[in-house]
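Chemist:
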Amino acid sequence: MRAPTEPALPSMPSVPSEPPPRPELPAQDSSALATTNGAEAFASEPRDPAWATRTEGAIRDRLTSLGTKLETECHQTRCKLVLDGGNAEVSKALARIESANGLVGFASSIVLTAPEQRADGTMVLRAFAIFER
C-alpha cells in the first residue's frame, strides 16, 4: 500500500528577464495637427467671395450693438472675428457671441484665442467661427 502524497504547491511566478514594452500613442497625421491652430487653418483656406460676403453680413446683423469694435473676415468655411475694446465691453461681446442670439446654432463651433491685453486697459480678442456647408 502506498502512502498518501501531499498535493503539489503552485510554482511561484517568475520575473520576466526584460520589462514589458512601454505603451505608445499612435502616430498623428501632420495635416490634422495643422488644423488645431485656428489662425493657421483660417489663413490656409481660400475665400469663397459669395458665401463670405453673405456670412460676414449675417454675423454683423447678429452682433450689432456689441459696444466693441468688430471686424469680420470669412473665407470658405471659417470666419475670423476680431473684438477690440475695454475689458468689460469685450467680455459682454463674448457672452453675446456665445449665445443663441449670437453665433451658437449659426456656426458649428467657435474657437477663441487668448486675449491680448494692452497697456491702456483695452484688449483684442480673436475668435474663429467654423461652419458646416
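Position one of the sequence shown corresponds to residue 0 (numbering that gives the first Met the number 0), numbered consecutively onward.
Yeah, the Cβ is synthetic: ideal placement off N, Cα and C, and Gly gets one too.
With 16 other CB atoms within 10 Å as the buried threshold, where does Val89 fall?
Modeler: Translated into the one-based positions of the sequence shown, residue 89 becomes position 90. Counting Cβ neighbours within 10 Å, Val89 comes out buried, since at least 16 surround it.
Chemist: Start and end of the beta strand (DSSP E) containing Phe41?
Modeler: Position 42 of the sequence shown, counted from the first residue, corresponds to residue 41. No beta strand (DSSP E) contains Phe41, which is instead part of the alpha helix (DSSP H) from Gly37 to Ser43.
Chemist: What is the residue span of the alpha helix (DSSP H) that Arg59 lies within?
Modeler: Taking the sequence shown and counting its residues from 1, one reaches residue 59 at position 60. Pro48 to Arg61 is the span of the alpha helix (DSSP H), which, as asked, contains Arg59.
Chemist: Given a cut-off of 8 Å on the beta-carbon distance, is the pair His74 and Pro114 in contact?
Modeler: Here residue 74 refers to the residue found at position 75 of the sequence shown. Here residue 114 refers to the residue found at position 115 of the sequence shown. In this structure, Pro114 does not lie closer than 8 Å to His74 by Cβ.
Chemist: Give the single residue among Ala128, Ala38, Val123 and Thr121 whose Cα lies nearest to the Cα of Gly101.
Modeler: If you number the sequence shown from 1, residue 101 lands on position 102. Taking only the C-alpha atoms, the option nearest Gly101 is Ala128.
Chemist: At the level of alpha carbons, what is the spacing between Ala99 and Pro15?
Modeler: On the sequence shown, residue 99 is found 100 positions in, with the first residue counted as 1. On the sequence shown, residue 15 is found 16 positions in, with the first residue counted as 1. Rounded to the nearest angstrom, the two C-alpha atoms are 59 Å apart.
Chemist: What residue does the beta strand (DSSP E) around Val123 start on, and which one ends it?
Modeler: By 1-based counting over the sequence shown, the position of residue 123 is 124. Looking at the DSSP string, the run of the beta strand (DSSP E) that includes Val123 is Thr121 to Ile129.
Chemist: Residues in the same chain with beta-carbon distance under 7 Å from Ala51, minus the five sequence neighbours each way, listed in chain order, please.
Modeler: For the purposes of this step, residue 51 is taken as the residue at position 52 of the sequence shown. Shown here for Ala51: same chain residues with a beta carbon closer than 7 Å to its own, the five before and five after excluded, namely Cys73 and His74 in chain order.
Chemist: Express the C-alpha separation of Thr71 and Ala31 in angstroms, rounding to a whole number.
Modeler: On the sequence shown, residue 31 is found 32 positions in, with the first residue counted as 1. On the sequence shown, residue 71 is found 72 positions in, with the first residue counted as 1. Its pLDDT being 44, under 50, Ala31 is placed unreliably by the model, and nothing is read from it.
Chemist: Would you mind working out which of Gly120, Phe105, Leu111 and Asp119 sits nearest Glu131, comparing C-alpha positions?
Modeler: Numbered from 1 along the sequence shown, position 132 holds the residue referred to as residue 131. Residue Phe105 is the option with its Cα nearest to Glu131.
Chemist: Please state whether the Cβ-Cβ distance between Thr21 and Val81 is less than 8 Å.
Modeler: Stepping through the sequence shown from its first residue, residue 21 is reached at position 22. Stepping through the sequence shown from its first residue, residue 81 is reached at position 82. Going by the sequence as given, residue 21 is Arg instead of Thr. For Arg21 and Val81, no; Cβs fall outside 8 Å.
Chemist: If you check the beta carbons only, do Arg77 and Ala40 fall under 8 Å apart?
Modeler: If you number the sequence shown from 1, residue 77 lands on position 78. If you number the sequence shown from 1, residue 40 lands on position 41. Closer than 8 Å, so yes.
Chemist: Pull up the distance between the alpha-carbon of Met11 and that of Glu23, whole angstroms please.
Modeler: Mapped onto the sequence shown, residue 11 falls at position 12. Mapped onto the sequence shown, residue 23 falls at position 24. In a straight line, the C-alpha of Met11 is about 31 Å away from that of Glu23.
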